[in-house]
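Below is one structure, written out as structure tokens; comments come after it.
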Amino acid sequence: MTVDDRFSRDFQEMRADRPIGTRNEIVTGPVSDWATDFSHTESEWAADPYRIQDELRQRCPIAHTERFGGGWLPTRYEDVAAIAYDTDRFSSRAIIMGNFRPPPELAPIGGSPPISSDPPFHHHARKLLLPAFTKHAVARREAATRAFCHALIDALEGEDVVDAARDYAQHIPMRVIADMLGFPPEDGPRFRAFIEGVLEGVNLPPDERLGRMDNLFDYLLAQIHDHVGNPRDDLTTYLINVEFGGQKLSSSHVAGTMALLLIAGIDTTWSAIGASLWHLAKTPADRERLVADPGLLPTAMEELLRAYAPVTMARLVKEDMSWNGVDMKADDWILLSFPAANRDPAQFDRAGEVVIDREVNRHAAFGLGIHRCVGSHLARMELRVALEVWLERIPDFGLADPAAVTWASGQVRGPRTLPLRIG
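The letter at position 289 of the sequence shown is residue 289 when you use this note's numbering, and the numbering goes up by one with no holes.
Here it is as structure tokens:
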């Protein structure tokens, strides 16, 4: 096997070289007041964040919490956008709001470049990924994605009730991202465990959370070693070999970017596909209209992305300051809710309704500012193809049991169980 000294140490050894961050007390349990004690990890938030955000937007547009060591939740579009574009006062060195803050020294690179990177490093780290996510590059993956969706539907034949989240939605981005990174497609169940550990495990005891992160990066390191010895035409080999500033990327940069692509590339699209099917299952008029007029799907898809935007990001305040009437402290979290921004009546007419033929729709489902999703073309292709195939093959469906639908907690929200009755 070819030797590459950058990857000779395991993840635990690499982590030991990093500056030590800060941990805070883990606080769980019912929220006393969403304006002063919010938590995106509680079941009430997972079940229906929109009601909470709409109420806050009216009475306390920037909510606060002492949980997670202190943080803020803006709910107006203009506030979310202002923070997303302001890289001078808000850092992206940590984008998962939890009970650990990486040290300021981790900036401007962060742990998962480019999403965790601040300027000026961010521009160059993002630029490295652009060729893989152009419209032309994504178009080359559409035929295989469509064939895979049909195969998933084939496997459901004869079933009266199917779990569209587990049996359909989750598998599509898992296969696409596995193909892009050159990972074994049969490792899908492991990907799901990694996603749950990273995004839904923020309130786990520190040792358990670290253990789950170790599992993820041990897996990535094994894939890197395999690609060093057996190069092929995929994103992993590209990241191993690409140069930045005349040098190859560090081991932590390679592994961190792979973690980003694996976690974010799967969970966001899985959630968007599931939420869209959930809406169509409970809204027969919209479903029937799209079946009768498939040409409306691209417009409807943008509205489904607006109304059920899966992603909420986080930032850290760089220095003590007064911002829009609130006194923020250095290292306070900002929970940057793009779903809340997308439901702001000041930005969208009929903001709380799903209008599948909405013509003007400058939504923020893919983020705002320099960190706008680099994979938006890919996500749109996967969502469109997944819905086209489903509606073509299964035009008549509904919720088998609305109470049985469950939603992910944390910063990426989508159905985790979605029982649908066919016919």
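Glycine is no exception: its CB is placed at the ideal position from the N, C-alpha and C atoms.
Tell me the rounded alpha-carbon separation between residue i and residue j.
{"i": "Ile52", "j": "Ala63", "result": "11 Å"}
{"i": "Gly29", "j": "Ser8", "result": "43 Å"}
{"i": "Arg175", "j": "Val80", "result": "33 Å"}
{"i": "Asp48", "j": "Thr406", "result": "11 Å"}
{"i": "Val27", "j": "Asp5", "result": "42 Å"}
{"i": "Gly274", "j": "Ala164", "result": "7 Å"}
{"i": "Arg146", "j": "Pro173", "result": "12 Å"}
{"i": "Lys135", "j": "Trp270", "result": "20 Å"}
{"i": "Ala351", "j": "Asn342", "result": "7 Å"}
{"i": "Leu280", "j": "Tyr77", "result": "26 Å"}
{"i": "Ser276", "j": "Tyr308", "result": "8 Å"}
{"i": "Leu249", "j": "Val242", "result": "7 Å"}
{"i": "Leu418", "j": "Leu335", "result": "27 Å"}
{"i": "Tyr168", "j": "Trp278", "result": "12 Å"}
{"i": "Ser322", "j": "Ala82", "result": "14 Å"}
{"i": "Glu186", "j": "Arg315", "result": "35 Å"}
{"i": "Asp349", "j": "Asp327", "result": "32 Å"}
{"i": "Glu319", "j": "Arg362", "result": "31 Å"}
{"i": "Pro103", "j": "Ala330", "result": "12 Å"}
Would you check if the distance between the CB atom of residue i and the CB atom of residue j is smaller than 8 Å?
{"i": "Thr312", "j": "Pro339", "result": "yes"}
{"i": "Pro310", "j": "Arg421", "result": "no"}
{"i": "Leu181", "j": "Thr236", "result": "yes"}
{"i": "Glu303", "j": "Val360", "result": "no"}
{"i": "Phe133", "j": "Gly375", "result": "yes"}
{"i": "Met381", "j": "Glu25", "result": "no"}
{"i": "Thr65", "j": "Ser409", "result": "no"}
{"i": "Phe100", "j": "Leu73", "result": "no"}
{"i": "Arg57", "j": "Thr36", "result": "no"}
{"i": "Ile115", "j": "Phe194", "result": "no"}
Near residue i, what residues of its chain come up, given a Cβ to Cβ distance below 6 Å and the 5 sequence neighbours on each side ignored?
{"i": "Ser437", "result": "It is not possible to answer for residue 437, since the shown part of the chain is limited to 1 through 423."}
{"i": "Cys373", "result": "Phe366 and Gly367"}
In chain order, what residues of the same chain lie with their CB nearer than 8 Å to the CB of residue i, ignoring the 5 residues before and after it?
{"i": "His150", "result": "Val389 and Arg393"}
{"i": "Pro108", "result": "Arg93, Ser117, Asp118, Pro119, Pro120, Phe121 and His122"}
Tell me residue i's beta-bridge partners as DSSP assigns them.
{"i": "Thr236", "result": "DSSP, once it has assigned bridges, lists no residue as partnering Thr236."}
{"i": "Asp314", "result": "Reading off the sequence shown, one finds Ala at residue 314, where the question assumed Asp. DSSP output for Ala314 lists Leu335 as bridge partner(s)."}
{"i": "Met321", "result": "Met328"}
{"i": "Val424", "result": "Since the first residue shown for the chain is 1 and the last is 423, residue 424 is missing from the structure and cannot be characterised."}
{"i": "Phe244", "result": "Gln247"}
{"i": "Thr22", "result": "Arg101"}
{"i": "Pro427", "result": "Here the chain has residues from 1 to 423 only, and residue 427 is not among them."}
Excluding the five sequence neighbours on either side, which residues of its own chain have a C-beta within less than 7 Å of the C-beta of residue i, listed in chain order?
{"i": "Val385", "result": "Glu142, Thr145, Arg146 and Cys149"}
{"i": "Leu239", "result": "Leu249, Val254, Thr257 and Met258"}
{"i": "Asn230", "result": "none"}
{"i": "Asp401", "result": "Pro419"}
Hey, which unbroken runs of the beta strand (DSSP E) at 3 residues or more fall wholly within the region 56-135? 62-65 and 71-74
Starting from the N-terminal side, write out each stretch of the alpha helix (DSSP H) that is 4 residues or longer and does not extend beyond the region 325-408. 338-342 and 376-393
Entirely within the region 169-213 and at least 4 residues each: give me those alpha helix (DSSP H) ranges in chain order. 171-181 and 188-199
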